[in-house]
Every structure is written in C-alpha cells, then in structure tokens.
Amino acid sequence: MTKNIGFLSFGHWAPHGQSQTRSAADVLLQSIDLAVAAEELSVDGAYYRVHHFARQLASPFPLLAAVAARTSRIEIGTGVIDMRYENPFYMVEDASAADLISGGRLQLGISRGSPEQVIDGWRHFGHAPKVGETDGDMGRRHGVTFYNLLKGEGFAQPNPRPMFPNPPGKLRLEPTSETLRDRIWWGSASNATARWAGEMGMNLQSSTLKEDESGEPFHVQQAKQIRLYREAYAAAGHTRTPRVSVSRSIFAITDDRDRAYFGRSGDQDQVGVIDNMRAVFGRSYAAEPDRLVEMLREDEAIAEADTLLLTVPNQLGVDYNAHVLESIVQHVAPPLGWR
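Okay, here's the thing in structure tokens:
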C-alpha cells in the first residue's frame with residue numbers, strides 16, 4: 327500500500343554541548359530547515375508536536391506559516407495540539423492564515439491533551455472546565471467548537487454602525503480557510519475516542535502509545551483501533567475518504583553513526599501507567615535495512631494506515647535527521663511498496 331511518509335519532531339532543545347539545538351531559536355530555525363530538506367528528499371509531511379511549559383516546540387502557527395513560506399509541496403502539520411490550552415475562535419484565524427499561506431497544505435492534528443509539565447497548565451492560559459466537566463471534556467469541547475467554526479458559517483451579529491462595510495447577514499471569523507475542516511485530525515489513545523473521531527468526521531492520528539485495552543501487542547491493538555474508527559466513520563454517513571496516521575520510531579542502520587546511536591534501541595513493547603491510564607508503548611524499530619523491512623511487514627497498524635509519521639531525534643541536528651529520513655525513503659520504503 328502506497329503511504330504518505332512524514333517526520334514528527336517534538337522539537338526538544340537543551341543548553342548543553344552535545345545538543346545541536348541549544349535554544350528555542352535553534353529548534354525553531356532547524357525545524358524549518360528540516361522541512362525544506364525533507365521536501366527535497368520527497369518526504370510527504372513535516373509534523374510538529376506541541377508541549378507547553380517545556381523546552382520543546384509550543385506555539386505551532388508561526389512555525390507552520392514559516393515552513394509554508396519556505397516550501398511548496400510538503401504537507402505541514404501537528405501531532406498534536408492540546409485543545410485544553412486553546413481559544414478555538416482565535417485558533418480558527420491562526421490556523422486558517424497558516425493554511426492559506428501554505429496553499430492548502432495544513433494537516434492539523436488536535437486532541438484533548440496529554441500529561442503536561444505543570445499542574446493544570448491550561449488554567450494559566452485562562453481556561454477552566456465547566457461544572458461537571460473534566461479537563462479532558464473541556465479539551466474535546468474546545469475541539470468540537472473549533473471544528474464547527476471551520477464550517478465558515480456566520481454566527482456574530484454585525485454592528486449596525488460598523489467601521490467597515492459588512493457583507494449581508496451574520497459574520498464569521500476571518501480568515502476562515504474553506505477547505506481546512508477536511509484536514510483536521512483527532513489524536514486518539516483509546517478505542518472509544520477513535521470511534522468518536524469517526525462519528526465526528528475527523529481524520530485519525532494514533533501515536534506510539536495506546537490505552538492497553540486487551541493485553542495484545544501494541545500494533546495489534548492499534549490496528550483494531552483503526553478498524554473501529556473506520557467502521558464508526560462509515561456508520562455516521564460521512565462520504566469523504568478519511569485518512570489515518572500512525573507514528574513510529576524507525577531507524578535504518580546504514581553506518582557507524584546509526585549503530586552508535588540506535589544499535590541498542592529497545593525491541594519490545596512497554597507497559598506503564600500514564601495519566602492514570604494503563605498504556606502500552608510501541609517498540610522502536612532499528613536494524614539494517616533488509617532486516618528492518620522484514621520487521622515492518624509484521625506491523626499490522628502500519629499496514630492499516632495511509633500515513634506514517636517517523637519520530638526524529640531533532641537534537642542530533644538537521645543533517646543527521648535528513649540522513650535518517652533519506653535512509654528510510656531509499657532503503658526501506660521501496661521494498662515495502664510504500665513508494
């Protein structure tokens with residue numbers, strides 16, 4: 327199955343000598359440069375994780391707009407934006423502006439959020455759950471509001487004496503990208519939220535961890551999650567063909583640098599507790615190309631997805647990460663039929 331292949335960067339930075347990203351400026355500028363390099367390698371997507379109160383990428387839309395201005399073909403996305411922190415009205419304007427700059431290449435992953443660096447960090451951004459809500463409920467509510475606003479329908483009563491002339495009827499947010507709604511992805515860690523995303527009509531992002539709901543290997547549970555999502559999507563009557571992405575840590579060992587960095591990468595799933603949820607964490611894949619191809623053929627969830635996001639060790643710098651992507655595109659993707 328032909329697949330879109332993208333990279334996913336968490337955008338880590340740290341002020342120590344072994345890191346190639348020692349400041350926020352370093353990681354932002356290198357994030358742009360890696361997208362440019364990835365486009366030159368015919369990689370399909372440049373995706374960025376969003377974390378607040380951490381030495382990582384945090385404010386996606388300036389970065390996405392900058393990447394859009396420096397590239398012409400590659401998809402540009404997030405995986406994911408924590409909607410507990412977002413004003414969905416302002417986010418429509420920001421996201422639409424970035425999408426218009428890109429010429430309609432934005433693939434925006436959003437979710438109810440994951441454990442963060444501080445206690446109730448979203449409160450510092452001015453948000454609080456309603457009575458009877460959890461913070462996860464609030465994140466989903468913000469996500470639904472954002473998703474519905476992207477329909478582009480007018481809802482605000484115009485001023486009878488406006489500063490500028492208005493079109494007739496109620497007003498919508500401007501700019502609103504007319505097509506972005508079809509390119510919204512929900513980041514899901516459970517079967518229930520995958521079904522919910524399908525019912526809503528969003529695309530699906532599933533990462534390298536999932537709620538452990540059956541005790542089966544990670545890739546088996548994730549493949550079942552994807553199938554449940556597609557069933558819910560079809561049952562809801564949506565007609566657009568949905569997209570599904572999975573994330574993986576995959577490294578083709580082609581030289582001594584690769585062997586030094588990843589020759590001892592873990593090859594087993596891990597089980598742990600995160601945010602009071604028993605979770606299964608997917609294994610890393612690291613081997614010489616021929617062996618790597620054999621290993622990846624057995625991953626049921628990769629087979630189910632149309633998009634594969636490769637997590638990159640961004641602190642090793644642009645040149646090395648371009649090498650990581652090139653190794654996958656040249657040595658691994660063709661024998662698997664991904665290209």
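Read left to right, the sequence shown gives residues 327 to 665 (our numbering). Where a beta carbon is used, it is the ideal one built from N, C-alpha and C, also for glycine. Note that the coordinates shown come from a computational prediction; the quantities given were computed from them, not determined experimentally.
Rounded to whole angstroms, how far is the Cβ of Arg604 from the Cβ of Asp645, which I believe are closer than 8 Å?
In this structure Arg604 does not touch Asp645 by the C-beta definition: roughly 39 Å separates them, more than the 8 Å allowed.
Gln356, enclosing alpha helix (DSSP H) - first and last residue
Element bounds for Gln356: 350–366.
Our contact map puts His453 next to Arg410 with C-beta atoms below 8 Å; I'd like the distance itself, whole angstroms only.
At roughly 6 Å, the Cβ-Cβ gap stays under 8 Å, so His453 and Arg410 are in contact.
Would you mind stating whether Gly462 and Gly439 have Cβ atoms separated by less than 9 Å?
Contact: yes.
Pairing CB atoms from the segment 362–374 with CB atoms from the segment 605–613, are three or more of them under 8 Å?
Touching, no, given that fewer than three Cβ pairs across the two stretches are closer than 8 Å.
Who pairs with Phe588 in a beta bridge, going by DSSP?
Answer by DSSP bridge pairing: none, since Phe588 is not bridged.
At which residue ranges does the segment 469–513 contain complete beta strand (DSSP E) runs of 3 or more residues, listed in the order of the chain?
List check, beta strand (DSSP E) in window: 510–513.
CB contact flag (Gln531, Ala627, <9 Å)
Taking 9 Å as the Cβ cut-off, Gln531 and Ala627 do not qualify as a contacting pair.
List in chain order: all unbroken alpha helix (DSSP H) runs of 4+ residues lying wholly within the segment 393–474.
Qualifying alpha helix (DSSP H) stretches, in chain order: 414–428, 447–450.
Would you please verify whether the beta carbon of Gly337 is less than 9 Å from any beta carbon of chain D?
Absent here is chain D; the protein component of the structure consists of one chain.
Tyr587 and Pro639: beta carbons closer than 9 Å?
In this structure, Tyr587 sits near Pro639, with a CB-CB distance shorter than 9 Å.
Within 10 Å of its beta-carbon, does Arg574 have 16 or more other beta-carbons around it, so buried, or fewer, so exposed?
Counting Cβ neighbours within 10 Å, Arg574 comes out buried, since at least 16 surround it.
Contact under 9 Å by Cβ, Gln346 with Gly643
Their beta carbons are under 9 Å apart, which means Gln346 touches Gly643 by this criterion.
Determine the direct distance from the alpha carbon of Gln443 to that of Asp352, and round the result to whole angstroms.
Rounded to the nearest angstrom, the two C-alpha atoms are 21 Å apart.
The alpha helix (DSSP H) that contains Ile628, what's its start and end?
Unbroken alpha helix (DSSP H) run through Ile628: 626–630.
Assuming Val362 and Thr404 are in contact, meaning their beta carbons sit under 8 Å apart, how far apart are those beta carbons, in whole angstroms?
Cβ atoms of Val362 and Thr404 stay farther apart than 8 Å, at about 18 Å.
Have a look at Pro486, Thr534, Arg553, Thr471 and flag the residue whose alpha-carbon is nearest the alpha-carbon of Asp595.
Of the candidates Pro486, Thr534, Arg553, Thr471, Thr534 places its Cα closest to the Cα of Asp595.
Which residue wins for smallest C-alpha separation from Asp593, given the options Asp359, Ala384, Gly513, Leu618?
Comparing Cα positions, the closest option is Leu618.
Please name the residue or residues paired with Leu389 in a DSSP beta bridge.
In the DSSP secondary-structure assignment, Leu389 is not bridged to any residue.
Roughly how far, in whole angstroms, is the beta-carbon of Ile407 from the beta-carbon of Gly430, given that I think they are within contact range, below 8 Å?
Incorrect: roughly 19 Å between the Cβ atoms, too far for contact.
So who's on the other strand from Asn529, going by DSSP bridges?
The secondary-structure analysis by DSSP pairs Asn529 across a beta bridge with Trp511.
With a cut-off of 8 Å, do at least 3 Cβ pairs link the segment 486–503 to the segment 556–565?
Touching, no, given that fewer than three Cβ pairs across the two stretches are closer than 8 Å.
Backbone CA spacing between Pro484 and Asn492 [nearest angstrom]:
Cα-Cα distance, rounded: 8 Å.
I'd like the list of long-range same chain contacts for Arg566, defined as Cβ closer than 7 Å, with 5 residues on each side in sequence excluded.
Cβ neighbours of Arg566 within its own chain (closer than 7 Å, five residues either side excluded): Asp508.
With DSSP as the reference, label Lys550 as helix, strand or coil.
The answer is helix: DSSP assigns Lys550 an H, G or I state.
Identify, in the order they occur along the chain, each residue of the same chain with its Cβ nearer than 8 Å to the Cβ of Asn517, setting aside the five sequence neighbours on each side.
Setting aside the 5 residues that flank it on each side, Asn517 is surrounded in the same chain by Glu537, Glu539, Lys550, Gln551, Leu554, each with a C-beta closer than 8 Å to its C-beta; the list follows chain order.
For Glu539, three-class secondary structure by DSSP
If DSSP states are grouped into helix, strand and coil, Glu539 belongs with coil.
Taking the alpha carbon of Trp339 as the point to measure from, which residue in Ser357, Phe333, Thr328, Lys329 has its own alpha carbon closest?
Of Ser357, Phe333, Thr328, Lys329, the residue nearest in Cα terms is Ser357.
Would you tell me roughly how many angstroms separate the C-alpha atoms of Ile579 and Met621, rounded to the nearest one?
Cα to Cα, Ile579 sits roughly 14 Å from Met621.
Decide if Ile400 is buried, meaning its Cβ has at least 16 other Cβ atoms within 10 Å, or exposed.
Its Cβ being crowded by 16 or more others within 10 Å, Ile400 is buried.
Those residues which DSSP pairs with Val597 across a bridge
Val606.
Buried versus exposed call for Arg487 [16 or more other C-beta atoms within 10 Å across all chains shown]:
So Arg487 counts as exposed.
Specify the secondary structure class of Thr633 as computed by DSSP and reduced to three states.
Judged by DSSP in its simplified three-state form, Thr633 adopts strand.
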